[in-house]
Amino acid sequence: MSQKEKTPEQKEYDQLQKKHETKRPILRNCVVAFFVGGTICLIGQAISFLYIYFFNFTEQTAGNPTVATMIFISMLLTGFGVYDRIGQFAGAGSAVPITGFGNAVISSAIEHRTEGFVLGVGGNMFKMAGSVILFGVFSAFVVAIIKTLITQWFLGGF
């Protein structure tokens, strides 16, 4: 199938579009996302150290309360409108860490609060984050099966 030749008007429109198209600063966006995401992770590491040194957690057990604290902080910041501004500035740098999950959950809840607590907030809270939860649970299941098979194979079980 051959593509039709463009008319002069279409060619003129393409040139006009290219002339007025906004140039995206891709390198700048990547650097900003890297540093903002790294800063969020640094804050998470600091919270983990607080749990280890002040609440007698071990490195293995400090992870769960750290994740819960980071999600709680991101939900608070989303509720106050701060996380949205961080997201506009940082792009993917604010969405990739666990705080992006908290932001997705609470944003859906805030958006649907006028529909009531059960059908609005409860029914729509996990619309965006539900796929993340499903993918995480399924991935953990697959990894556990693979680990079990490899462990049994090398240890001569079965």
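In UniProt numbering, the protein residues as written are 1 to 158. From the three backbone atoms N, C-alpha and C, an ideal C-beta is built for every residue, glycine too. Keep in mind the model is a prediction, meaning the values are calculated, not measured.
- If one requires a minimum length of 3 residues, no beta strand (DSSP E) run lies completely within the segment 11-54.
- Secondary structure at Lys-147: helix, using DSSP grouped into helix, strand and coil.
- Taking the CA atoms as reference points, Lys-4 sits about 20 angstroms from Leu-16.
- A distance below 9 angstroms separates the beta carbons of Val-32 and Ala-90.
- With respect to Ile-98, Val-137 sits apart: the two C-beta atoms are not nearer than 9 angstroms.
- Contact check for Ile-106 against Met-75 passes: the beta carbons are separated by less than 9 angstroms.
- Around Thr-78, the same chain offers Asp-84, Gly-102, Asn-103, Ile-106, Ser-107 and Ile-110 as residues with beta carbons nearer than 8 angstroms, after the five sequence neighbours per side are excluded.
- Shown here for Phe-34: same chain residues with a beta carbon closer than 8 angstroms to its own, the five before and five after excluded, namely Gly-93 in chain order.
- Rounded to the nearest whole angstrom, the CA to CA distance from Lys-18 to Phe-154 is 59 angstroms.
- Spanning the alpha carbons of Phe-141 and Asn-29 requires a straight line of approximately 35 angstroms.
- Asp-14 is positioned such that its CB atom lies closer than 9 angstroms to that of Lys-6.
- At a cut-off of 4 residues, the continuous stretches assigned as alpha helix (DSSP H) that sit fully inside the segment 81-153 are 82-90, 92-95 and 98-111.
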